[in-house]
Amino acid sequence: MTWWEVVVLGLLQGLTEFLPISSSAHLRIAGEMLPSGNDPGAAFTAITQLGTEAAVILYFRKDIARIISHWFRSLPIARWHHPVSAQDPDARMGWFVIAGSVPIAVLGLALESYIDHALRNLYITAAMLALFGLVLGYADMTSRRVRTLDTLTWKHALTFGFAQALALIPGVSRSGATISAGLMLGYTREAATRYAFLLAIPAVTASGLYKLFGDVIFGEPVETAATVSAGGIVVATVISFVVGYAVTAWLLSYISTHSYAPFVLYRLGLAVIVVILLLTGVVDPLASGPGTAPEITP
Numbered sequence: 337m338t339w340w341e342v343v344v345l346g347l348l349q350g351l352t353e354f355l356p357i358s359s360s361a362h363l364r365i366a367g368e369m370l371p372s373g374n375d376p377g378a379a380f381t382a383i384t385q386l387g388t389e390a391a392v393i394l395y396f397r398k399d400i401a402r403i404i405s406h407w408f409r410s411l412p413i414a415r416w417h418h419p420v421s422a423q424d425p426d427a428r429m430g431w432f433v434i435a436g437s438v439p440i441a442v443l444g445l446a447l448e449s450y451i452d453h454a455l456r457n458l459y460i461t462a463a464m465l466a467l468f469g470l471v472l473g474y475a476d477m478t479s480r481r482v483r484t485l486d487t488l489t490w491k492h493a494l495t496f497g498f499a500q501a502l503a504l505i506p507g508v509s510r511s512g513a514t515i516s517a518g519l520m521l522g523y524t525r526e527a528a529t530r531y532a533f534l535l536a537i538p539a540v541t542a543s544g545l546y547k548l549f550g551d552v553i554f555g556e557p558v559e560t561a562a563t564v565s566a567g568g569i570v571v572a573t574v575i576s577f578v579v580g581y582a583v584t585a586w587l588l589s590y591i592s593t594h595s596y597a598p599f600v601l602y603r604l605g606l607a608v609i610v611v612i613l614l615l616t617g618v619v620d621p622l623a624s625g626p627g628t629a630p631e632i633t634p
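Under my numbering, residues 337 to 634 are what the sequence shown spells out, in order.
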């Protein structure tokens, strides 16, 4: 894979990670369309997501610091120093993020081989783009959009978590599935999107580190994203960080006054294009690259 191809994939990762259009689907499709003609692999996808998650951490740094501080100070072992009530909204949010991260962690490890190979079939990707585009559209049109994050419950936190786990399938979109669940539960667009960002941090960061150390640093060379050099992965990750930060700021501003309709139409259009490319033999439905990692994505 050439350097300009790596740059293209890094830009795609940064642009699509937080939009409800599935970054894993875009990297999977783009890999087939680039001159090298290879799926860059689940490892490449997961590792470059570290860049976009770093962007989220930077953007929400004050909220994250407050949530971690209040959560820790609400624990019995820490109540000797400036204790915080277990019912404190930020302390509860810490527990909700932990609980919501469990489904994707368990399913990601249990279904790793399927995620790395069988589920990367482009027919499945196209189907998921269309299906969950319709789900997002339905949720956005029918949601009451009255609940805020201070009304989040344990039941809802787990529902968000299971929705996020659906993004193990390329084409679903982690943010799209999570936001759709939030809208169906009656949360505002801003609340659903903000929680989707916060919920993704533990899962995506853990996945990226798992792939980085398990497949690239300590793994067998033939089992890594073989067509991409270590330097290429670094460049793509840095690009995804810069672009991802800008997209985060833009999306949170955009959804405060706009619907998700443009993203729904985009997903449906992209699904149609992928099917046409598959039927005409322009792209191969099966991954030609090595992808060997659990893929936790939108």
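No residue lacks a Cβ here, since even glycine has one placed at the ideal position from N, Cα and C.
Buried or exposed by the 16-neighbour rule on C-beta atoms within 10 Å, applied to residue i
| i | result |
| --- | --- |
| tryptophan 340 | exposed |
| proline 557 | Note that proline 557 scores 45 on pLDDT, short of 50, meaning its location in the model is unreliable and no value can be drawn from it. |
| glutamine 349 | buried |
| tyrosine 450 | exposed |
| glycine 617 | exposed |
| valine 579 | buried |
| glycine 518 | buried |
| glutamine 385 | buried |
| alanine 501 | buried |
| valine 429 | Contrary to the premise, residue 429 reads as methionine rather than valine in this sequence. Label assigned to methionine 429: buried. |
| leucine 319 | As shown, the chain starts at 337 and ends at 634. That puts residue 319 outside it, with no answer to give. |
| threonine 388 | buried |
| isoleucine 609 | exposed |
| leucine 545 | exposed |
| alanine 401 | exposed |
| leucine 458 | buried |
| leucine 488 | buried |
Beta-carbon separation (whole angstroms), residue i vs residue j, contact threshold 8 Å
| i | j | result |
| --- | --- | --- |
| glycine 346 | alanine 582 | With a Cβ gap of about 13 Å, glycine 346 and alanine 582 do not count as contacting. |
| alanine 542 | alanine 441 | 7 Å |
| alanine 527 | threonine 484 | 5 Å |
| alanine 422 | serine 410 | 5 Å |
| alanine 597 | alanine 466 | Incorrect: roughly 15 Å between the Cβ atoms, too far for contact. |
| aspartate 424 | histidine 453 | In fact, because the Cβ distance is near 44 Å, the residues do not count as touching under 8 Å. |
| glutamate 368 | valine 570 | Not quite, the Cβ-Cβ distance comes to about 23 Å (not below 8 Å), so this is no contact. |
| glycine 444 | leucine 504 | 6 Å |
Chain-order list of residues whose beta-carbon lies under 6 Å from that of residue i (same chain, five-residue window excluded)
| i | result |
| --- | --- |
| glycine 567 | none |
| lysine 547 | Ala379, Ala382, Ile383, Ala629 |
| threonine 524 | Arg481 |
| leucine 394 | none |
| threonine 352 | Ser359, His362 |
| valine 611 | Ala462 |
| glycine 469 | Val600, Arg603, Leu604 |
| isoleucine 591 | Arg525, Thr529 |
| phenylalanine 577 | Gly387, Ala390, Ala391 |
| threonine 593 | none |
| alanine 493 | Phe432, Ala435, Gly436 |
| alanine 427 | His406, Trp407, Ser410, Val420 |
| leucine 520 | In the sequence as presented, leucine is not what sits at residue 520; that position holds methionine. If we look at methionine 520 and ignore the five residues flanking it on each side, its Cβ neighbours are Ala475. |
| alanine 499 | Ala513, Thr514, Ala517 |
Close beta carbons around residue i, own chain, < 7 Å, minus the five adjacent residues each side
| i | result |
| --- | --- |
| valine 433 | Leu534, Leu535, Pro538 |
| leucine 363 | Leu345, Leu348, Gln349, Pro376, Thr381 |
| valine 471 | Ser516 |
| serine 595 | Asp476 |
| lysine 398 | none |
| proline 356 | Leu472, Ser509, Ser511, Gly512, Ile515, Tyr596, Phe599, Pro634 |
| lysine 491 | none |
| alanine 366 | Val344, Leu345, Leu348 |
| leucine 613 | Val619 |
Sequence-distant residues of the same chain with beta carbon closer than 8 Å to residue i, five excluded per side
| i | result |
| --- | --- |
| glycine 414 | The residue asked about is misnamed: residue 414 is alanine in this sequence, not glycine. Once the five neighbours on either side are set aside, the close Cβ partners of alanine 414 are Phe408. |
| proline 506 | Ser358, Ser360, Ala361, Arg364, Leu455, Arg456, Ile460, Thr461, Met464, Glu631, Thr633 |
| threonine 584 | Phe354, Ala391, Val392, Tyr395, Phe533 |
| glycine 497 | Ala435, Gly436, Ser437, Val438, Pro439, Ile440, Leu535 |
| glycine 522 | Ser479, Arg480, Arg481, Val482, Arg483 |
| valine 343 | Val571, Ala572, Ile575 |
| leucine 588 | Glu526, Thr529, Arg530 |
| histidine 418 | Arg409 |
Residue range of the unbroken alpha helix (DSSP H) whose run includes residue i
| i | result |
| --- | --- |
| serine 576 | 566-590 |
| glutamate 353 | Unbroken run through glutamate 353: none, as it is neither H nor E. |
| alanine 435 | 425-446 |
| valine 608 | 597-615 |
| histidine 405 | The sequence given here places serine at residue 405; histidine does not occur at that position. Where serine 405 is concerned, the enclosing alpha helix (DSSP H) stretches over 397-409. |
is_contact[residue i, chain C] using C-beta, thresh 8 Å
| i | result |
| --- | --- |
| serine 595 | Here chain C cannot be found, since the structure has a single protein chain. |
Check: residue i C-beta below 7 Å from any heavy atom of the ligand PLP
| i | result |
| --- | --- |
| tyrosine 590 | In the structure shown, the ligand PLP is absent, as is every other ligand, since no ligand is present at all. |
field: 3 or more residues per run - each beta strand (DSSP E) lying fully within the stretch 472-497
entry: Counting only runs of 3+ residues, no beta strand (DSSP E) is found wholly inside the stretch 472-497.
- prompt: Which full runs of the alpha helix (DSSP H) of 4+ residues lie inside the stretch 496-526, going along the chain?
  reply: Counting only runs of 4 or more, we get 510-520.
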